[in-house]
Amino acid sequence: MNTTTSQQPGENAAPSGIHLMLQQAAERLSQTPITELFDREQDRITCFTTASDCLQLDFSKQRLDSATQALLCKLAAEKDLHGAFARLTSGDVCNTTESRAALHTLLRGTKAAELSDHYQGVATTLDRMKAVTNGIHSGDRRGFGGDKFTDVVNIGIGGSDLGPRFICRALKNPDDPIKAHFVANVDPQDLDETLATLNPQTTLFIVCSKTFTTEETLTNALRAREWLLAGGASQASIADHVLAVTTNIDGAETFGIARDACFPLWDWVGGRYSVWSAIGLSIAVNQGWEAFADFLAGGHSMDRHALESNGSDNLPLTMALLEYWNTTYLETETHLVLPYSQRLEYLADFLQQLTMESNGKSVTLEGTKIAAKTAPVLWGSAGTIGQHSYYQMLHQGNRSFTADIVLPLKNGDVDIDAHRKLAANALAQSRAFMLGRDQRTAADLARSRGQPEAMSPHYEMPGNHPHSTLLMSEVNPTSLGELVAAYEHKTFFLSQLFELNAFDQWGVELGKEIGRQIRGVLETNTGWESLDASTRFVASAWLAANTSGSNPEK
């Protein structure tokens, strides 16, 4: 396998001619105030916005002009990003290290007729999910005490947790007939605190593990079963309280889950893209089948948009080109997602896995080392909370960043004055990112406070931070479907620009492998020679604190 290191940032990511022109554009625009770009291009809003059914992207505050935008669209054409997406949705093998397709789009019906053999299993699973959801809501399926279920606990980790957790939180309402809870951490406190206020007779569990061997998930599932038994359930009635999403039917049945209560996963759906599958069953149980169907419809709508729209009319493609431009040419270091809605408080958590597990790679599809930075670090938090925390660094620190400010235009029946304040804060931060505070204004501020001009640098802010505003019509199942799918497609398009595999995660697997090895050492107090000195020191400290066994470090 070729492991030659590319010589210049971006060389193996963009054709050399366009690469040179984009480098020149970056040099020209790197110090150009974004406000000056507005002065130069009076139709900037028209040219730098794009929309889908539920979303509208305003990228006019990005540090690029029309000529650079045209170059990026030309790059997209030369890289055949549109064709690559069409091939993805048609089932071509794109996960090269595992020789698999990535057909998460099929889960919401995209190209179902073209892929009818695969879709038959999807349709059957959706019918089964609908039936069990309706049975739970109607009371046809009840707990061992005869009462209707009031709570559902999703036990999973990574892609089996983050997506459903995000969506259920976004749609949460006080009158939800079945409350949703999520347990992911193997730390027993996570499960214990979740179950502390729940009733075993009215609690349903959904155990999500493709192999039914995931350490964190199986540990929590076994402890949940003991909680049910301690609460009065018989061994036979465990089956009434537990559903599974897995390919290991035998393992689930041994656990006590009926075979007809197991829902399948497929190798052609990665965990971080699986919220549309039976992994999303907790969404359906929490919100009802109609809401989950609307969520799927929103994803399908974005699939259609991405397939049918070209260039700057394609919203997720535009998002990917902007991130590529900022990361590769303007050398920004980190990307923030800042949703101004408490309902979207888990959006950044979900996107961290989606984007960094997908594109946190350093080799191309052919195994060539990528010298340029690939996926930026993604982080963020909801609403005004961050403004009283890390926004200080954003405005006056010396790290470069980009951002998506996500703003739902409507916020249900909440107090309009409170929603107005939230919107005003979002718009104010966007404007502050662009304007900053120049030297003259800072000096005036210092004088107004009776301070010498030497104090004015403390009030200066560079501004000129490139960012976009992503408007949502409102937070509902359909708009959430579009939002998640948009970021999925952005992630794929960006992987094509960097020519890397967005669908494997060998870094994650390495940690699991070493974790199994160390657990064996801690269980048997043998094999210490296989560990480095630092790991031996910490492991022996744990052993000494938790057992009476010998300490190999003494």
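In our numbering, each residue's number is its place in the sequence shown (first place is 1) plus 1.
The C-beta atom is built at its ideal place from N, Cα and C for all residues, glycine as well.
Since we're looking at a predicted model, the values are computed, not measured.
(message) Residues in the same chain with beta-carbon distance under 8 Å from E475, minus the five sequence neighbours each way, listed in chain order, please.
(response) P409, L410, K411, N412 and G413
(message) Would L316 and L523 be called neighbours here (beta carbons separated by less than 7 Å)?
(response) no
(request) May I ask which residues mark the beginning and end of the alpha helix (DSSP H) holding H138? (result) S117 to S139
(request) Grab the span of the beta strand (DSSP E) containing I156 for me, first residue to last. (result) D152 to I156
(request) Measure the CB-CB distance between C263 and A279 and report whether it falls below 7 Å. (result) no
(request) From the DSSP output, in three-state form, read off P10 for me. (result) The predicted position of P10 is uncertain, since its pLDDT is 44 and thus under 50; a value taken from the coordinates is nonetheless stated next. In the structure shown, P10 sits in coil (DSSP, three-state: anything other than H, G, I, E or B).
(message) Please confirm whether L244 has its beta-carbon closer than 7 Å to some beta-carbon of chain E.
(response) Note that chain E does not occur in the displayed structure, where there is just one protein chain.
(request) Just mark E483 as buried or exposed, buried being the case when its beta carbon has 16 or more other beta carbons within 10 Å. (result) buried
(request) Identify every residue that forms a DSSP beta bridge with D59. (result) T50 and T470
(request) Please name the residue, chosen from Y330, L446 and D439, that lies closest to M22 on a Cα-to-Cα basis. (result) Y330
(message) At the level of alpha carbons, what is the spacing between L73 and P467?
(response) 16 Å
(message) Judging by CA-CA distance, which residue of P175, D162, K513 and R226 is the nearest neighbour of D193?
(response) R226
(request) Whole angstroms is fine: what's the gap from P34's alpha carbon to N465's? (result) 6 Å
(message) Let's test the definition: count the other Cβ atoms within 10 Å of the Cβ of N3 and tell me whether it reaches 16, buried, or not, exposed.
(response) Because N3 sits at a pLDDT of 40, beneath the cut-off of 50, its placement in the model cannot be relied upon, and the following sentence gives the value as read from the coordinates. Label assigned to N3: exposed.
(message) At 3 residues or longer, what runs of the beta strand (DSSP E) sit wholly inside the region 231–298?
(response) 243–246
(message) Using only the alpha-carbon positions, how far apart do F145 and K362 sit?
(response) 48 Å
(request) Work out the CA separation of S310 and A540 for me, nearest whole Å. (result) 55 Å
(request) Starting from T111, trace the beta strand (DSSP E) both ways and give me its first and last residue. (result) Where T111 is concerned, there is no enclosing beta strand (DSSP E), given that its DSSP letter is neither H nor E.
(request) Take I250 and list the residues in its own chain whose beta-carbon comes closer than 6 Å to its own, dropping the five residues that flank it on each side. (result) R260 and C263
(request) Could you say which of G281, V415, I406 and G164 lies nearest to A433 if we only look at CA atoms? (result) I406
(request) Out of A113, L339, R400 and R421, point me to the one whose CA is closest to G381's CA. (result) L339
(message) Just to confirm the assignment, what range does the beta strand (DSSP E) spanning W380 have?
(response) V378 to W380
(request) For the region 408–489, list the beta strand (DSSP E) runs that are entirely contained and at least 3 residues long, ordered along the chain. (result) 468–473
(request) For A27, I'd like the list of residues in its chain whose CB is within less than 7 Å of its CB, leaving aside the five on either flank, ordered along the chain. (result) Y330 and L331
(message) Please state the DSSP three-state secondary structure of L337.
(response) strand
(request) Could you name the residues that DSSP lists as bridge partners for K513? (result) Looking at the DSSP assignment, K513 forms no beta bridge with any residue, so it has no partner.
(message) What would DSSP say about M2, mapped onto helix, strand or coil?
(response) Confidence in M2 is poor, its pLDDT being 36 and thus under 50, which makes the residue's placement too unreliable to answer from.
(request) With a 10 Å radius around its C-beta and 16 neighbouring C-beta atoms as the bar for buried, classify L196 as buried or exposed. (result) buried
(message) Tell me which residue opens and which closes the alpha helix (DSSP H) that T90 is part of.
(response) L82 to T90
(message) Contact defined as beta carbons within less than 8 Å: I believe P16 pairs with E79. What is the distance between those atoms, to the nearest angstrom?
(response) 6 Å
(request) Indicate whether L446 and A171 have their beta-carbon atoms separated by less than 7 Å. (result) no
(message) With distance defined between alpha-carbon atoms, name the residue in R64, H396, E358 and E115 nearest to E42.
(response) R64
(request) From the DSSP output, in three-state form, read off C95 for me. (result) coil
(message) Helix, strand or coil for T204? Go by DSSP, reduced to three states.
(response) strand
(message) Can you list, in chain order, the residues of its chain with a C-beta nearer than 8 Å to that of Q236? Leave out the 5 residues immediately preceding and following it.
(response) L230 and G257
(message) Is it buried or exposed, P453, if we count other Cβ atoms within 10 angstroms and call 16 or more buried?
(response) exposed
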